[in-house]
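Q: Everything in the sequence shown is counted per my numbering, starting at 58 for the first residue and increasing by one.
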Amino acid sequence: MSKLPILMYHNVCQSDSDSNKLTVSVQNLERQFQYLIDNGYKTFHFEELDRMGTIPKKSIVLTFDDVTENQLIYALPLLEKFKLKASFFIPFQYIGKTDLWNKATGEQAQKIMTIEQLKQLPSEIIELGYHSYKHERYQSLSLSEIQEDFLKCEEEIKNQNLNVYPALAYPYGNYPKESKEKADFKSLLKENKMKFGLKIGNRPNTFPFKDNYEIKRIDIKGLDSLMVFRLKIRFGKLKLF
Ligand SMILES: [Zn+2]
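The structure is reproduced here in structure tokens:
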């Protein structure tokens with residue numbers, strides 16, 4: 058069994074002064090990617106992991122939520138430069154709009170990529186995945202509402218002829234926690250042919266995964282130093298930080 062850290066990013070901005078909890082600066086991201094390269098880490102898409110029984114010792118998965126335009130502008134060129142793979146998760150209702158679900162936070166609105174932009178992402182670098190249709194907490198929805206949300210994703214994928222791999226990042230990392238509801242939720246994921254479900258969890262996973270629908274991701278924050286980044290990759294989020 059190997060350890061597999063899966064990193065979770067959101068926005069990327071141009072300068073350190075604009076970085077915050079959900080936003081990492083392009084300089085910081087470059088230092089982190091450089092560290093991965095210098096230390097021999099290999100990146101994988103979920104589509105590859107699905108076919109692999111074992112992984113190299115230093116394996117890592119990079120994920121970006123919400124397909125904001127800033128990821129296209131700042132993250133993609135770095136991923137291309139370092140030849141690192143990443144998975145981008147789409148909240149389908151918001152394609153070509155803004156991150157309206159964040160409206161109440163008072164943060165500046167972020168543009169979400171358009172269909173054309175999503176289609177132009179190089180598939181050898183970027184794997185597209187699901188981040189629900191409405192970007193609502195699954196825990197606050199009934200099973201039939203979740204099913205409805207899945208149908209809307211499928212409709213959009215079909216209408217727009219998008220190539221999306223069935224890995225799903227739960228909005229806010231949230232999913233039903235009560236055992237009965239959790240079991241029903243997982244059956245529904247299975248019915249909808251989801252292969253992987255990603256929560257937050259702030260620890261590296263063991264691979265093969267214990268539960269494909271409870272894959273842990275480590276939240277990389279905008280203000281994490283390189284030292285914190287290194288520790289997070291090895292141990293997950295420490296109480297110290
Ligand atoms: Zn999100």
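Built from N, CA and C at the ideal position, the CB exists for glycine as well.
1) Looking at ligand 1, does it come within less than 7 angstroms of residue 102, judged from the CB to the closest heavy atom?
2) Please state the DSSP three-state secondary structure of residue 284.
3) Could you have a look at residue 219 and say whether DSSP puts it in helix, strand or coil?
4) In the DSSP assignment, the beta strand (DSSP E) including residue 184 goes from what residue to what residue?
5) Which parts of the region 232-275 are runs of the alpha helix (DSSP H), unbroken and 4 residues or longer, counting only runs that do not cross its ends?
6) Considering only residues of the same chain and omitting the five flanking positions on each side of residue 249, which have a CB-CB separation below 6 angstroms?
7) Relative to ligand 1, what is the chain-ordered list of residues with a Cβ closer than 5 angstroms to any of its non-hydrogen atoms?
8) Which full runs of the beta strand (DSSP E) of 3+ residues lie inside the region 124-166, going along the chain?
9) Grab me the residues of residue 60's own chain with a C-beta within less than 6 angstroms of its C-beta, minus the 5 sequence neighbours each way, in chain order.
10) Per the DSSP calculation, residue 65 is bridged to which residue(s)?
11) For a test of the three-state rule: what should DSSP assign to residue 214, helix, strand or coil?
12) Within 10 angstroms of the Cβ of residue 163, are there 16 or more other Cβ atoms? Answer buried if so, exposed if not.
13) Should the region 126-134 be called in touch with the region 152-169, which here means at least 3 C-beta pairs below 8 angstroms?
14) Checking the sheet assignment: what are the DSSP bridge partners for residue 77?
15) In this structure, how does DSSP classify residue 72 when only helix, strand and coil are distinguished?
16) By the 10 Å Cβ neighbour count, where 16 or more other Cβ atoms means buried, how is residue 306 classified, buried or exposed?
17) So what's residue 115 in DSSP terms, helix, strand or just coil?
18) If you check the beta carbons only, do residue 204 and residue 232 fall under 8 angstroms apart?
19) Per DSSP, residue 100 is paired with what?
20) May I have the straight-line CA-CA distance separating residue 293 from residue 100, to the nearest angstrom?
21) Do you know how far the Cα of residue 267 is from the Cα of residue 200?
A: Result, derived from the coordinates:
1) On the sequence shown, residue 102 is found 45 positions in, with the first residue counted as 1. No.
2) Position 227 of the sequence shown holds residue 284. The answer is helix: DSSP assigns residue 284 an H, G or I state.
3) The residue you call residue 219 lines up with position 162 of the sequence shown. Note: residue 219 maps to coil in three-state DSSP.
4) Translated into the one-based positions of the sequence shown, residue 184 becomes position 127. First-last of the beta strand (DSSP E) with residue 184: 183-187.
5) 236-248
6) Here the question's residue 249 lines up with position 192 in the sequence shown. Correct list, in chain order: 207.
7) 122 and 123
8) 143-147
9) Here residue 60 refers to the residue found at position 3 when the sequence shown is read from its first residue. Same-chain partners within the cutoff: 261.
10) Translated into positions along the sequence shown, residue 65 becomes position 8. Bridge partners of residue 65: 120 and 276.
11) Along the sequence shown, read from residue 1 onward, the residue named residue 214 stands at position 157. Residue state, collapsed to three classes: helix.
12) Taking the first residue of the sequence shown as position 1, residue 163 is located at position 106. The residue in question, residue 163, is exposed, as its Cβ has fewer than 16 Cβ neighbours within 10 Å.
13) yes
14) The residue you call residue 77 lines up with position 20 of the sequence shown. Note: residue 77 sits in a beta bridge opposite 80.
15) For the purposes of this step, residue 72 is taken as residue 15 along the sequence shown, with counting starting at 1. The answer is coil: DSSP assigns residue 72 none of H, G, I, E or B.
16) There is no way to answer for residue 306, as the model of the chain reaches only from 58 to 298.
17) As a first step, residue 115 must be located in the sequence shown, where it is residue number 58. Residue state, collapsed to three classes: coil.
18) One-based indexing of the sequence shown puts residue 204 at position 147. One-based indexing of the sequence shown puts residue 232 at position 175. Against a cut-off of 8 angstroms, the Cβ pair of residue 232 and residue 204 comes out as no contact.
19) Locating residue 100 in the sequence shown gives position 43, where the first residue counts as 1. Residue 100 pairs with 117.
20) For the purposes of this step, residue 293 is taken as residue 236 along the sequence shown, with counting starting at 1. For the purposes of this step, residue 100 is taken as residue 43 along the sequence shown, with counting starting at 1. About 17 angstroms.
21) Residue mapping note: residue 200 aligns to position 143 of the sequence shown, counting from 1. Residue mapping note: residue 267 aligns to position 210 of the sequence shown, counting from 1. Residue 200 and residue 267: Cα-Cα distance of roughly 24 angstroms.
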